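Number of protein chains: 4
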Amino acid sequence: MRIAFIGLGVMGAPMAANLLAAGHQLSLSRVAVGRHDALIDAGGEAADTAAAAAKDAEVVIVMVPDTPDVEEVLFGTEGVAESLQPGTLVIDMSSISPTATKEFAARISTAGGHYLDAPVSGGEVGAKAGTLSIMVGGSTEDFEQARPLLEVLGANISHIGEVGAGQTAKVANQIIVASTIEAVAEALTFVEVAGADPAKVRAALLGGFASSKILELHGERMITRSFDPGFRIRLHRKDLNLAVSAATELDLALPSTALAQQLMNAAVAAGDGDADHSALVSTVRRLGGVTA
Amino acid sequence: MRIAFIGLGVMGAPMAANLLAAGHQLSLSRVAVGRHDALIDAGGEAADTAAAAAKDAEVVIVMVPDTPDVEEVLFGTEGVAESLQPGTLVIDMSSISPTATKEFAARISTAGGHYLDAPVSGGEVGAKAGTLSIMVGGSTEDFEQARPLLEVLGANISHIGEVGAGQTAKVANQIIVASTIEAVAEALTFVEVAGADPAKVRAALLGGFASSKILELHGERMITRSFDPGFRIRLHRKDLNLAVSAATELDLALPSTALAQQLMNAAVAAGDGDADHSALVSTVRRLGGVTA
Amino acid sequence: MRIAFIGLGVMGAPMAANLLAAGHQLSLSRVAVGRHDALIDAGGEAADTAAAAAKDAEVVIVMVPDTPDVEEVLFGTEGVAESLQPGTLVIDMSSISPTATKEFAARISTAGGHYLDAPVSGGEVGAKAGTLSIMVGGSTEDFEQARPLLEVLGANISHIGEVGAGQTAKVANQIIVASTIEAVAEALTFVEVAGADPAKVRAALLGGFASSKILELHGERMITRSFDPGFRIRLHRKDLNLAVSAATELDLALPSTALAQQLMNAAVAAGDGDADHSALVSTVRRLGGVTA
Amino acid sequence: MRIAFIGLGVMGAPMAANLLAAGHQLSLSRVAVGRHDALIDAGGEAADTAAAAAKDAEVVIVMVPDTPDVEEVLFGTEGVAESLQPGTLVIDMSSISPTATKEFAARISTAGGHYLDAPVSGGEVGAKAGTLSIMVGGSTEDFEQARPLLEVLGANISHIGEVGAGQTAKVANQIIVASTIEAVAEALTFVEVAGADPAKVRAALLGGFASSKILELHGERMITRSFDPGFRIRLHRKDLNLAVSAATELDLALPSTALAQQLMNAAVAAGDGDADHSALVSTVRRLGGVTA
């Protein structure tokens, strides 16, 4: 397939590499510094603008940081919409606002294109290994068309519902992960301050009702203070901003999510913005006067 | 072994039955109405008071609702301490204050006894099946002495540390479970209000970083509105009261735990006190104006 | 003075009327339906666009709902910037983002104009009576130039600091008001549920450390359930969105403010969005199961 | 009148001195070290125990730190109940649990006595000056009997309702004061981090809807970092513990109060427990990474 791939950062570059390896033709835009050569060597073609990349593409994949970035690459100057061919499928794999997604899809549709939102989880590790979880919103037809490509990128592909439903699922994912991290951080800090051994408590709790991927993986990181990302607090905070904004648009109170967002602000203020999100435990420990 | 078993409610009665079935001699105190006959038929001996039950016991097991109940059966009028033989091992399997536990252990020690705190998780189902998780605080010697009995009652026996460490681990467990339930409740309500399908989102999220026993089991209950306990909100709230009190004694801020405690107050006020703790989702939905 | 006044809603219309009454020449844009005639009768001149209104103005006053509205009237198609004369003073009296304010001021400055942010508090009553509190950010020179106009509109004019400082002060105001309303709501609901008389408690507390304008005025509204606005929950929520966004940009955790924001979401979901912000007590009472 | 005064700490000692100065006979118990001589010189009579102090008293005034202290001096060994004469009026001016208060009153009544709860606000300054605010629960008859004494001690005496209503009002007072301090702390820290002048903002906000005794007095302390108590965070936290416990007994969710309680834990952990409660701003600033 002829694919325009726009956004080649930490996540996008290995995803593009996997698509090239699977034999697809890629036109590449917004190549991050230093990632260019390897992808060109692997057969990718550099494009100066998003419009140029999208010109002859059957599928346009977008993987950029935030809602305004998607708006810019789709509808800005020299954006995708300027050269969009009728019938082209735009797949936005960024994590952005569900509401904006619906609006972007409507505009692409008006321009003759099709639209899927397909945000991912699984991080850089999953992007490289092609084992991402991908949550997809859009029509069944478009989903079926995209499926072969998505199966190159991920191991767990779910069609959630109409356009926007993929982003909604991703928001739900980030809500759960954030509050579970905070829960584990409070529990393990409590154990530490109470004078018991967090490692033994973690081990005892795994398998019971308190068991979670977060307790297993991030709990371990908290105990060993191993905060190399993984997923950065700064990025998780961005996703919580999306969650709180989306909830406010829906008149929905999410007090635990809003609290986690505030604690991530504190983590960034303390200099942990580029640490793994398990470093939220450092904020809880500082609040408890634990400085060791 | 000659065991005094004090407290035969929803949890205690099946635990006592399992010990009888394993061939131990039981002297029973505080038999809940209607649970008496089956245990006596199975070979248990009724005692009028905790002191009478403990008189000739090698091991005293306590399984009562809250900190003041433990204090009363141990140190109240006609309590265990009045008849405690030197060397007797007291095992408190109730879920109570870690701080009070240390004080109770010291008083039992002064009276010539030994003390383990060994709270459980796994609920009525685990109590009947003998598959409880048991978190134990106390000396290694006492733990080894108790181990054969605990293995009759549970499947996952952890020696966490000194006296009090078992209760500390149980508090940590209840902190994580409560905040994770709230996290899943916020996420699934967000999905519902945003117009996507919570069941599809739950399925998509299982296996990823948001995966937890709570998402799997309680998430299902939330989606199907199946709130038969399980573990009652009223009881979980009691455990959060312990958590917040214990944290306050330690000058530790647990904002997410305190929030969950308040939301459980709201759940009880709405009439959900005797529903399963997954019914916390009803409070989140009411806050969002979702009444269907 | 020749003034362009853009935005003639609930607040803007009476403010414009006061300026007309004080003898100023007004060119009016964005006249809300039904407010037009009275202002024209009073000597105002209708303009079709913001650019037309601003063409010959010495001062441009903007009073619109939110950040994107200010951006549109200043820099959108047929906006103020298109016709701005060198030296014109733009006074934005809307309540908007402090960060965006700095950016807007820089763009106006580049276009040869001057800029003050001058948000108000005091509501419709204060707008009509000319007794608004006005918090001003900008240079001392610009402030002194604007002062005679601001004194027509308000009774309490404060020059806080550089551009943006007026909006910062307004955000601070809305943070305090929101959390104080929540505090009074929790206290009076506690009293009610505990079986004492909220009116007597309110009276006893006035004069002591718990005393505030909110306890005095909004406390009375809560007790008598008189929720005619005043200031609508929907608008206060918008201001809290500004506060939380601005704090996030600054990596600042404001947990109490974020909680109030979420509770206002719940209030809107319950149908209280157009009630006075003192109706936040209804959300607290519902959480407590108080339905009378 | 013959008064037994039990509890002569920071608050009790100057209150007792005022009663002596007004010509009453005082029998003194639980005299804090160093406060004894002045009160004896002023005509007070030392008693070895609460029972001895109460033996011939017409009125017993209790002013001790917390609920268990009141229980001990009333009903413990050599407590008031042992020597209580029929018709004696017990006035508890401590700040304790409203629920326990009702129980204590019932026991005093059974013993032939009368009971008022009459907690105060106004701090050491008010105690010395005789200008305390006093919130009273109990029968109108008992209130009228106590009034002449209370008027010696305070300037603002309110009969709120039945027994317990005084403590309920005091809890409401502490809820409002705590959350208002947090609100002002968040607002002023926001202003500081945003680069504006907190002193100017405070001045601008006084007089408007954000105006409160706390903004006036504690806001000033926050800005000048003058944290000599005043009222200690440690004691305010104790009162919030009462508030949260009382609310939980009533199945009432008080999320803002619970949050303030947790932040006071953090303040104590940071070493600010004996600072004035306005030092809660230091916790907010630390969360924001402001260390200057």
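Residue numbers (the working numbering), protein chains in the order written: chain A, 62 to 353; chain B, 62 to 353; chain C, 62 to 353; chain D, 62 to 353. C-beta: ideal position from N, C-alpha, C; glycine also. Because the structure is a prediction, the values reported are computed rather than measured.
Check, Outcome
"Buried versus exposed call for S170 of chain B [16 or more other C-beta atoms within 10 Å across all chains shown]", "exposed"
"Under 7 angstroms by beta carbon: chain D residues contacting A331 of chain A", "G350"
"Segments assigned beta strand (DSSP E), at least 3 residues, entirely inside the segment 257-287 of chain A", "none"
"Spatial neighbours of Q323 of chain B in its chain, beta-carbon cut-off 7 angstroms, leaving aside the 5 residues before and after", "none"
"S287 of chain C classed as buried or exposed, judged by whether at least 16 other C-beta atoms fall within 10 angstroms", "exposed"
"Classification of D102 of chain C by the beta-carbon crowding that lies within 10 angstroms, buried from 16 upward", "exposed"
"G173 of chain C, buried or exposed, once every other Cβ within 10 Å from all chains shown has been counted against 16", "exposed"
"Contacts around S200 of chain D, its chain only, beta-carbon distance under 6 angstroms, and the 5 residues preceding and following it disregarded", "none"
"Local Cβ density within 10 Å of T352 of chain A, reported as buried at 16 or more and exposed below that", "exposed"
"Chain A contact for A244 of chain D (CB, 8 angstroms cutoff)", "no"
"8 angstroms contact criterion, which A125 of chain D and S158 of chain D should meet: CB distance rounded", "Looking at the sequence provided, one finds Val at residue 125 of chain D rather than Ala. Not quite, the Cβ-Cβ distance comes to about 13 angstroms (not below 8 angstroms), so this is no contact."
"Minimum Cβ-Cβ distance from K189 of chain C to chain D less than 8 angstroms", "no"
"Best match in C:H279, C:G268, C:R346 for proximity to L193 of chain D [C-alpha to C-alpha]", "C:G268"
"Test item: CB-CB of I67 of chain A and V123 of chain A under 8 angstroms", "yes"
"Within chain A, partners of S327 of chain D - CB distance below 9 angstroms", "What sits at residue 327 of chain D in the sequence shown is Ala, not Ser. Ordered by position in chain A, the residues that pass the 9 angstroms Cβ test against A327 of chain D are R347, L348, G349, G350."
"Below-8 angstroms beta-carbon distance, T201 of chain B vs any chain D residue", "no"
"Helix, strand or coil at D98 of chain D according to DSSP, with G and I counted as helix", "helix"
"Beta-bridge partners of H220 of chain C, as assigned by DSSP", "C:V197"
"Partners in chain C for P316 of chain B, counting only beta-carbon separations shorter than 7 angstroms", "P316"
"Simplified DSSP assignment, three categories, for E106 of chain C", "strand"
"CB contact below 8 angstroms: N79 of chain B versus chain G", "The structure shown contains no chain G; its protein chains are A, B, C and D."
"Within-8 angstroms CB hit, N217 of chain D to chain C", "yes"
"Boundaries of the alpha helix (DSSP H) in which D300 of chain A is found, first to last residue", "294-310"
"Within chain A, partners of N302 of chain C - CB distance below 7 angstroms", "T309"
"Minimum C-alpha distance to V232 of chain B - residue among B:D178, B:D258, B:L303", "B:L303"
"Neighbourhood of L100 of chain C by C-beta, 8 angstroms cutoff - its chain only, sequence neighbours within 5 removed", "L69, A74, A77, A78, L81, L87, L89, V92"
"4 or more residues per run - each alpha helix (DSSP H) lying fully within the segment 99-182 of chain B", "111-115, 128-136, 159-171"
"Residues that S90 of chain A bridges to, as DSSP identifies them", "A:I67"
"Collapsed DSSP secondary structure at G350 of chain C in the structure displayed", "coil"
"Minimum C-alpha distance to F15 of chain B - residue among A:R293, A:E253, A:A307, A:D178", "In the structure displayed, chain B extends from 62 to 353; residue 15 of chain B sits before or after that span and is not available."
"Contact with chain B by K116 of chain A, beta-carbon distance below 8 angstroms", "no"
"G350 of chain A beta carbon less than 8 angstroms from that of A207 of chain D", "no"
"A257 of chain D and L341 of chain D closer than 8 angstroms at C-beta", "no"
"Residue nearest to T241 of chain B in terms of C-alpha spacing, selected from B:L313, B:L276, B:G215, B:D312", "B:L276"
"Residue from D:A328, D:P316, D:L313 with nearest C-alpha to L311 of chain B", "D:A328"
"D203 of chain C (DSSP reduced to helix, strand or coil)", "helix"
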